[in-house]
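So the sequence lines, in the order shown, correspond to chains V and A.
Residue numbering for the first sequence follows our numbering, beginning at 1 and increasing consecutively.
Residue numbering for the second sequence follows our numbering, beginning at 315 and increasing consecutively.
Built from N, CA and C at the ideal position, the CB exists for glycine as well.
Computed from a predicted model, the values in this text were never measured in an experiment.
First up is the structure itself, then whatever we jot down about it.
Number of protein chains: 2
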Amino acid sequence: MTAPPFDLTLWTASHLKRVERALERWIPLTAPAGLAASMRYAVLDGGKRLRPLLVMGAREAVMGSQAESPTEQAMRDDAALRAACAVELIHAYSLVHDDMPCMDNDVLRRGKPTVHVQFGEAQALLAGDTLQALAFEILTPLNQDPAEPAMAPALQARLCQLLARASGHAGMAGGQAIDLASVGLSLTEDQLRHMHRLKTGALLHGSVMMGSACGPATATAQAALERYGEAIGLAFQVVDDVLDVTADSATLGKTAGKDAAHEKPTYVSLMGLERSQQYARDLLAQALAALDDSRLTHTHALRALAHMVVDRSH
Amino acid sequence: MTAPPFDLTLWTASHLKRVERALERWIPLTAPAGLAASMRYAVLDGGKRLRPLLVMGAREAVMGSQAESPTEQAMRDDAALRAACAVELIHAYSLVHDDMPCMDNDVLRRGKPTVHVQFGEAQALLAGDTLQALAFEILTPLNQDPAEPAMAPALQARLCQLLARASGHAGMAGGQAIDLASVGLSLTEDQLRHMHRLKTGALLHGSVMMGSACGPATATAQAALERYGEAIGLAFQVVDDVLDVTADSATLGKTAGKDAAHEKPTYVSLMGLERSQQYARDLLAQALAALDDSRLTHTHALRALAHMVVDRSH
């Protein structure tokens with residue numbers, strides 16, 4: 001008897017249900033004066049939720065690797081859910097700020113008006129700032145509800161550590177600064193890769209690391225997942241650049257062709273379309289090889305997510 | 315023989331030296347593409363550093379309250395220094411974003427051009443975002459340097475918890491949202507107090523709580539310091555409102571009279587100048603009474619800082 005083939009659609013649906021419900025609960029309805037509305041608008045009901053899925057996939061991969069008591073398992077599942085939501089809040093804040101007139105000046109996101117178009121610039125600025133703080137709130141629960149598993153302080157600290165580094169100067173924000181400074185310049189392949197490793201790669205990689213930090217994981221598994229996260233992080237951006245020239249705005253849910261319009265260096269402008277597509281396939285192969293090396297058995301989700309990143313149409 | 319009178323100037327100088335040196339070290343020179351320059355410009359060489367001083371004062375107040383081993387003491391001193399710097403980074407990011415054209419559109423801060431005037435709006439937006447992330451990085455050190463005391467993970471988590479809540483939707487950012495929504499409206503005294511309790515009070519209060527979280531502190535002491543922090547937080551804003559009408563721009567180091575120009579409700583516009591000044595003195599008395607109730611003996615610095623907040627001229 002062989003195992004049934006892994007169904008990513010089913011897996012995604014069940015995990016996203018938990019993530020959406022948690023986001024719904026953790027973005028406070030009581031946030032004052034328009035903040036609740038703008039934060040919810042920025043986060044809820046939209047997006048592929050790739051980062052949360054990577055967190056959940058990584059936690060699932062390491063879950064079976066060592067014995068866990070039911071209490072440990074419940075605590076770690078809760079921690080992974082918190083990590084998944086925190087990462088998505090960081091991603092959402094970066095989109096809100098990135099869309100603002102002083103940055104990309106984008107009016108369309110996920111097929112809806114962007115936050116500053118809908119709520120005004122000042123509110124968009126504040127909503128982004130608050131989403132960032134909320135991510136760290138979610139990672140450091142007050143452990144006051146006896147019905148919920150109390151999250152170990154060391155795990156809280158470790159997740160904050162990973163998230164702050166993935167999103168800060170040596171991660172996402174650093175990459176955005178390089179991006180900003182490189183408009184109209186010609187970059188080498190190495191410089192472009194460095195920019196994207198920070199700008200989009202760091203948070204995707206961070207998602208995998210946060211999921212595996214929820215444990216339990218061996219050093220071998222951690223190192224392999226680290227390589228998986230890096231390959232997926234780069235592949236995502238390569239595919240993004242490809243889609244920017246091959247897809248239309250309706251399929252993308254955002255303005256297509258904007259990189260060329262903004263004179264932004266991309267993989268396609270640098271390597272051409274065909275080599276970029278090949279590079280994406282190479283990175284997929286690296287990610288899958290890393291999973292083979294991990295010696296972990298529950299890697300179906302991460303494997304399928306890697307394929308999804310490279311084969312997506314939007 | 316009586317103890318020599320407490321000298322706030324000396325105390326401040328010695329503590330600020332440590333804070334400035336730490337900020338200098340922890341704001342990475344290697345942050346990419348203009349980020350280092352704009353972050354350093356926003357933070358270094360300026361500001362009263364009231365929040366870091368409150369952290370250090372609170373740590374000093376609780377320090378002698380229970381026995382500590384030298385190792386514990388070194389770890390907690392390092393933690394307090396990290397907390398002091400983290401709080402200042404959050405404060406600095408809020409000023410950078412607050413000054414932007416879509417918010418207060420201010421061109422002068424601490425006598426210098428504001429960050430967006432100096433570096434452009436996009437860079438100011440990014441610098442603020444990155445300073446927020448850096449605050450949480452500093453609170454979650456990697457503990458890799460054997461020469462530095464390794465910070466207990468539980469303390470890392472607790473400080474992240476306090477900082478995220480003081481700066482997020484139920485703290486500083488929430489207050490800014492209320493502020494934004496209340497321009498041109500008439501608020502009641504209670505509404506104004508609620509706004510300021512969040513907008514400026516939460517981070518000042520949070521500074522005191524972070525200092526006392528570094529421990530060791532009894533429940534009685536914690537509760538008393540909590541009340542001290544609340545009173546000081548409100549007093550600071552009342553005095554700010556008073557100075558906005560009584561001082562000139564040169565003394566303030568920022569544009570005076572801007573609240574009236576922006577039709578912002580203030581304590582002075584609501585209570586009048588004299589009652590506002592009396593209210594500040596009442597809050598000072600409350601803060602000092604809380605210190606008396608704390609049973610702590612090393613409260614000289616917190617006491618002097620409370621006086622400074624109320625008697626300052628800028």
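Contact belief for residue i with residue j at Cβ below 8 angstroms, rounded distance in angstroms
i	j	result
L203 of chain V	I90 of chain V	6 angstroms
L619 of chain A	G378 of chain A	Contact doesn't hold; Cβ gap of about 18 angstroms is too wide.
G171 of chain V	V55 of chain V	Not really, about 16 angstroms apart at Cβ, beyond 8 angstroms.
A441 of chain A	V401 of chain A	At roughly 17 angstroms, the Cβ-Cβ gap does not stay under 8 angstroms, so A441 of chain A and V401 of chain A are not in contact.
H205 of chain V	A166 of chain V	7 angstroms
P346 of chain A	C399 of chain A	That pair is no contact at about 21 angstroms.
M39 of chain V	L131 of chain V	6 angstroms
L192 of chain V	L270 of chain V	6 angstroms
A495 of chain A	G34 of chain V	6 angstroms
A154 of chain V	P467 of chain A	4 angstroms
Beta-bridge pairing of residue i - partner residues as DSSP gives them
i	result
K426 of chain A	A:R423
Close Cβ partners of residue i (< 8 angstroms) along its chain, the five nearest in sequence each way excluded
i	result
G482 of chain A	G488
R472 of chain A	A527
L139 of chain V	R82, A83, A86, Q156, L159, C160, L163
T344 of chain A	A350
D493 of chain A	M509, K513, K578
E462 of chain A	D392, P455
L283 of chain V	A231, I232, L234, A235, V238, V310
G586 of chain A	none
R595 of chain A	V624
L316 of chain V	Lying outside 1 to 314, the shown extent of chain V, residue 316 of chain V is not represented and no answer is given.
Segment limits, alpha helix (DSSP H) that includes residue i
i	result
M103 of chain V	First-last for M103 of chain V: undefined, no H or E at that position.
P28 of chain V	Careful: P28 of chain V lies outside any alpha helix (DSSP H) and carries neither H nor E.
E68 of chain V	Counting along the chain, E68 of chain V falls outside any alpha helix (DSSP H), and DSSP gives it neither H nor E.
R275 of chain V	273 to 293
L198 of chain V	Unbroken run through L198 of chain V: none, as it is neither H nor E.
F450 of chain A	435 to 453
E544 of chain A	533 to 560
V43 of chain V	35 to 43
V623 of chain A	614 to 625
G520 of chain A	516 to 527
L142 of chain V	Segment: none, L142 of chain V is in no alpha helix (DSSP H) and carries neither H nor E.
P153 of chain V	153 to 167
G175 of chain V	172 to 181
Close-in-space but distant-in-sequence residues of the same chain around residue i (CB under 6 angstroms, 5 per side omitted)
i	result
Q66 of chain V	P216
Y581 of chain A	V552, D555, S590
Q286 of chain V	A231
G46 of chain V	R110
H116 of chain V	M100, A124
R327 of chain V	Absent from the structure is residue 327 of chain V, since the part of chain V shown begins at 1 and ends at 314.
A464 of chain A	N457
S207 of chain V	R51, L54, V55, V87
Same chain, Cβ closer than 7 angstroms to residue i, five either side skipped, listed in chain order
i	result
R18 of chain V	L81
E544 of chain A	G515, H519
R626 of chain A	V553
T299 of chain V	A61, L291
T428 of chain A	D413, D420, V421, L422
L296 of chain V	A61, V62, S65, A221
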